[in-house]
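Here the protein sequences line up with chains D and V, keeping their order. When we follow the numbering used here, the leftmost residue of the first sequence carries the number -6, and every step to the right adds one. When we follow the numbering used here, the leftmost residue of the second sequence carries the number -6, and every step to the right adds one.
2 protein chains.
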Amino acid sequence: MSGRIAVIGLGPGDPRYLTAEATGALAAAEALYGYAPYLDRVPARADQSRYPSHNREEGARARAALGHAAQGANVGVVSGGDPGVFAMAAAVCEQIETGPEAWRALDVVVIPGITAMLAVAARIGAPLGHDFCALSLSDNLKPWPLIERRLDAAAQAGFVIALYNPVSRARPWQFSNAIERLRRHLRPATPVVFGRAVGRLDERVAITTLGEADANAADMATLVIVGTRETRTIARPERPPLVYTPRAAAEVSA
Amino acid sequence: MSGRIAVIGLGPGDPRYLTAEATGALAAAEALYGYAPYLDRVPARADQSRYPSHNREEGARARAALGHAAQGANVGVVSGGDPGVFAMAAAVCEQIETGPEAWRALDVVVIPGITAMLAVAARIGAPLGHDFCALSLSDNLKPWPLIERRLDAAAQAGFVIALYNPVSRARPWQFSNAIERLRRHLRPATPVVFGRAVGRLDERVAITTLGEADANAADMATLVIVGTRETRTIARPERPPLVYTPRAAAEVSA
């Protein structure tokens, strides 16, 4: 069995975020599968077939790519950000576990990428400079009460919180509920960063506070970072402010 | 003021993890500062000065680099992994906040990189495929009881846990204490991944369980990922196993 499937992290969207390894894997693939807007970031080549698909079809996309690889092909599955963070790597593993035995013989490679929280954090300073967590607000795959429990636990224990998938057309109320929930635990002055489409032409990064955060300011392409009581904002007269969380914490910081 | 300071993420250690942006920033810098083993990864150039320093000198290193940039230079500070994750970006922000006013006028750029947990996760499948947290076990900068509280909170709420800095010569007991602590909340069968020096010649990635995890198997270069009750291991007859955490969670998973 010579088939190979590479799950390739494209990073946040600009080619400058691509690693050398991802560039090499994109070049080596005979076929590319992926959510159409991610595939659109990869220049088309006559000798490389392309199979775009819709969002929320991760399972079917992974099965198609695995089936193709099982024919002996070198197949790439492109993923925004890092494939291991709320993206395609888990979907591919799920299908390998439940699919034909032959899929377990494939060479499976996951190629890491810059996930959104790292890109947004870098744009604004170092808000993830201390212990932090990454939490998807999508309740398509888990019940909302579990998300609330995790928000409570993270805020009470003093983790910086990176929120993925804050809203979508089908999930309009989740993010405002999450903000309300976090206000129970964290002070109104807690810094909050909204980072949208980092590295793309329509990039927008904004700093606010938990007290003033407006849930309507987030959309599907937004990553939100909520600080702790230690997180600080540095005003700079001629530059945008920096937001960072100090490396040291003196006590329980919730 | 034309000074510029770029905090550059080198990723886990092999050039294949470098982003195009990091490669460009390394090329553009007139001077490079960093922990000596990280600087050693960057080929020396006659027209680029280098200022290696020891570990645990982050504050002094950041001050020296900022002072150099304030003279109008384009200065790079290299960081292993991602500069924003337990690395140099927060140290630079701390010094900007407390240092001379002129440092606030500098152009500050943070260039994200592949942090260790993403590289280790990619090597083994998708263990971070669901909500997760990143926690440093170093109690140099925070009290141990706060670390225990965070371990409890993360395990009880069902976050996958990435442990940075599990041990060092000066901190021999912290990691075994952390394992004991997690055993109060998680089943012995919970998958645990030890990833050491990923992407380097001495790379070693091992899968075990929380019940069988041996604290002595970790050193300073090890990143540990502790799964949840949902995390699964896929046996593959002709390949190493895959570890992944499914995207879906049915209920509170601690």
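All C-beta atoms, glycine included, are put in the ideal place defined by N, C-alpha and C.
C-alpha gap between D/Asn48 and D/Tyr28, whole angstroms: Distance from the CA atom of D/Asn48 to the CA atom of D/Tyr28, rounded to whole angstroms, is 6 angstroms.
Residue environment, V/Ser(-5), which counts as buried when at least 16 other CB atoms sit within 10 Å: Burial call: exposed.
Neighbour-count burial assignment, D/Pro165, 16 or more Cβ in a 10 Å radius: Note on D/Pro165: under 16 other CB atoms within 10 angstroms of its CB, so exposed under the neighbour-count rule.
Rounded Cβ spacing between D/Val68 and D/Tyr26 (contact assumed at less than 8 angstroms): Yes, D/Val68 and D/Tyr26 are in contact; Cβ-Cβ is about 7 angstroms, under 8 angstroms.
Residue interval of the beta strand (DSSP E) (run including D/Thr201): Boundaries of the beta strand (DSSP E) harbouring D/Thr201: Arg197 to Thr202, taken from the DSSP string.
Interface residues of chain V facing D/Ser129 [CB-CB closer than 9 angstroms]: What D/Ser129 touches in chain V: His123, Asp124 and Arg240.
Below-7 angstroms beta-carbon distance, D/Val219 vs any chain V residue: No, because no Cβ of chain V sits closer than 7 angstroms to the Cβ of D/Val219.
Inter-stretch contact at 8 angstroms, needing at least 3 Cβ pairs: the stretch 213 to 228 of chain D / the stretch 152 to 167 of chain D: The stretch 213 to 228 of chain D is in contact with the stretch 152 to 167 of chain D.
V/Leu194 burial status per 10 Å Cβ neighbour count (16 or more: buried): It counts as exposed.
Straight-line Cα distance separating V/Ala53 from V/Leu134: Spanning the alpha carbons of V/Leu134 and V/Ala53 requires a straight line of approximately 16 angstroms.
Whether D/Pro5 touches D/Val186 by CB criterion (7 angstroms): In this structure, D/Pro5 keeps its C-beta atom at 7 angstroms or more from the C-beta atom of D/Val186.
Those residues which DSSP pairs with V/Phe125 across a bridge: Answer by DSSP bridge pairing, in chain order: D/Ala127 and V/Val153.
Chain-order list of residues whose beta-carbon lies under 6 angstroms from that of V/Ala82 (same chain, five-residue window excluded): So the qualifying residues of the chain are Val0, Pro76 and Val103.
Neighbour list for V/Glu141 in chain D, Cβ cutoff strictly below 9 angstroms: Under the 9 angstroms cutoff, chain D gives no residues; its nearest Cβ is about 10 angstroms from V/Glu141.
Inter-residue spacing [alpha-carbon to alpha-carbon] between D/Arg143 and V/Ile140: Computed Cα separation, rounded: 17 angstroms.
DSSP three-state assignment for D/Thr221, whether helix, strand or coil: Coil.
Cβ-Cβ distance between V/Ala147 and V/Ile154 below 7 angstroms: In this structure, the beta-carbon distance from V/Ala147 to V/Ile154 falls below 7 angstroms.
CB-CB length for D/Arg116 against D/Gly188, believed under 8 angstroms: Beta-carbon to beta-carbon, D/Arg116 and D/Gly188 are separated by about 6 angstroms, close enough to satisfy the 8 angstroms threshold.
Cβ-based burial, V/Asp40 [other Cβ within 10 Å; buried from 16]: Of the residues assessed, V/Asp40 falls on the exposed side of the cut-off, its CB having fewer than 16 other CB atoms within 10 angstroms.
Under 7 angstroms between C-beta atoms of D/Leu99 and D/Val71: One thing to note: D/Leu99 has its Cβ no nearer than 7 angstroms to the Cβ of D/Val71.
Neighbourhood of D/Glu87 by C-beta distance below 8 angstroms, restricted to the same chain and skipping five residues each side: The answer, listed in chain order, is Gly52 and Ala55.
Whole runs of the beta strand (DSSP E) within the stretch 2 to 80 of chain V, excluding any shorter than 3 residues: As summarised for the stretch 2 to 80 of chain V, the continuous beta strand (DSSP E) elements at least 3 residues long and confined to that stretch are 24 to 28, 42 to 46 and 67 to 72, given in chain order.
Residues near D/Leu179 in its chain [Cβ-Cβ closer than 6 angstroms; skip 5 each side]: Once the five neighbours on either side are set aside, the close Cβ partners of D/Leu179 are Ala148 and Leu203.
Contact with chain D by V/Ala247, beta-carbon distance below 7 angstroms: At V/Ala247 the pLDDT is 44, less than 50, meaning the model places this residue with poor confidence; the figure from the coordinates comes in the next sentence. Using a CB distance cut-off of 7 angstroms, V/Ala247 does not count as an interface residue toward chain D.
6 angstroms CB neighbourhood of D/Pro239 in its chain, flanking five on each side removed: The beta carbon of D/Pro239 sits closer than 6 angstroms to those of Glu223, all from its chain and outside the five residues before and after it, given in chain order.
Segments assigned alpha helix (DSSP H), at least 4 residues, entirely inside the stretch 142 to 188 of chain D: Counting whole runs of 4 or more residues, the stretch 142 to 188 of chain D contains the alpha helix (DSSP H) stretches 167 to 176.
Distance cut-off 6 angstroms: V/Glu141 Cβ against heavy atoms of the ligand GDP: Inclusion of the ligand GDP in the displayed structure is not the case, the ligand content being empty and no account of it being possible.
Which residues DSSP lists as bridging V/Ala(-1), in chain order: Answer is V/Gly69 and V/Val102, bridged to V/Ala(-1).
Proximity test, Cβ basis, 7 angstroms: V/Ala119 and chain D: Taking 7 angstroms as the threshold, the shortest C-beta distance from V/Ala119 to chain D falls below it.
Pick from V/Val217, V/Thr201, V/Ala150 and V/Leu111 that is closest to V/Ala171, judged by C-alpha positions: Closest option to V/Ala171, Cα to Cα, is V/Val217.
Residue environment, V/Ala243, which counts as buried when at least 16 other CB atoms sit within 10 Å: Counting every other CB atom within 10 Å of its CB across the protein chains shown gives V/Ala243 a total below 16, marking it as exposed.
According to DSSP, residues forming a beta bridge with D/Gly118: Bridge partners of D/Gly118 according to DSSP: D/Val236.
Buried versus exposed, by CB contacts within 10 Å (16 or more), D/Pro184: Its Cβ being crowded by 16 or more others within 10 Å, D/Pro184 is buried.
Environment of D/Arg97 [buried if 16+ CB atoms lie within 10 Å]: The residue is buried, with at least 16 neighbouring Cβ atoms inside 10 Å.
With 16 other Cβ atoms within 10 Å as the buried cut-off, status of V/Ser246: Any answer about V/Ser246 is weak, because its pLDDT of 46 lies below 50 and its placement is not dependable; what the coordinates show is given next. Under this definition V/Ser246 is a buried residue.
Neighbour-count burial assignment, D/Thr108, 16 or more Cβ in a 10 Å radius: Label assigned to D/Thr108: buried.
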